[in-house]
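Q: Once you've had a glance at the structure underneath, I'll fire off some questions.
Protein chains in written order, with our numbering: chain A, 1122 to 1241; chain B, 1122 to 1241.
Here it is as structure tokens:
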């Protein structure tokens, strides 16, 4: 399966998922799948900004002896996102509507991360 | 009840909680309660760094049309943290051991945030 197929499969299996991406921690996308292009919020830009946060969390945690970051989630009044490390340089992120199935998104990310790691 | 009593009560009622704080989004602590001072990770410094992330998430979300951030959580291999906005300038954060009761921490933060907001 290609990265794109993995991402499409993830979105299809999570109620309320609006997009997901495989990204490098420097914010460069490897592959992105959006259920709808050009919507609001500007998902593509937001995911890139969230990569900066992921990097910041990783640095802060390492510096202060809390180990490696495995997962980061952000809830706003219009969107839920959950991101999971795939390898030290790459992470996956899923964005959902606020009523989306957050638990299922987390669960599937956990299953998918090791599979993608072997393909990177 | 004082802020400190609220924070102590929160830690006491969440299995695995190691500390919690009420902080301004500029990283200045209003009140912090640690179950154990001087441990590893350096919790006090870490929570201050996480305030920067909270602010970054809030700015990114606002800029890209995703609304206001309500919650941010970070999992590392040694610690779970969950933070919740109390008002536009203040947030609460709880840190737990990886085997701590994350769901209960989130739930109690949701209950406590509106109470603290009225006291700020």
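Glycine included, every Cβ here is placed at the ideal spot set by N, Cα and C.
Buried or exposed, going by whether 16 or more other CB atoms sit within 10 Å of the CB of residue 1239 (chain A)?
A: exposed
Q: Please tell me whether residue 1217 (chain B) and residue 1200 (chain B) are closer than 8 Å, where the distance is taken between their beta carbons.
A: yes
Q: Helix, strand or coil: how does DSSP classify residue 1205 (chain B) here?
A: strand
Q: Going by alpha carbons, who is nearest to residue 1206 (chain B) out of B:1165, B:1162, B:1197, B:1143?
A: B:1143
Q: Run through the region 1163–1224 of chain B for me and flag every whole alpha helix (DSSP H) of 4 or more residues, listed as ranges in chain order.
A: Annotation: the region 1163–1224 of chain B contains the following complete segments of the alpha helix (DSSP H) (minimum length 4 residues), in chain order: 1164–1184.
Q: Can you tell me which of A:1180, A:1137, A:1225 puts its alpha carbon nearest to the alpha carbon of residue 1155 (chain A)?
A: A:1137
Q: Can you name the residues of chain B whose CB is closer than 7 Å to the CB of residue 1157 (chain A)?
A: None at all; the shortest Cβ gap to chain B is about 14 Å.
Q: Say whether chain A places a C-beta atom closer than 8 Å to the C-beta of residue 1136 (chain B).
A: no
Q: Name the two residues that bound the continuous alpha helix (DSSP H) containing residue 1155 (chain B).
A: Unbroken run through residue 1155 (chain B) is the beta strand (DSSP E), 1150–1155; no alpha helix (DSSP H).
Q: Report yes if the C-beta distance between residue 1164 (chain B) and residue 1195 (chain A) is below 8 Å; otherwise report no.
A: no
Q: Beta strand (DSSP E) containing residue 1140 (chain A): first to last residue?
A: First-last of the beta strand (DSSP E) with residue 1140 (chain A): 1138–1145.
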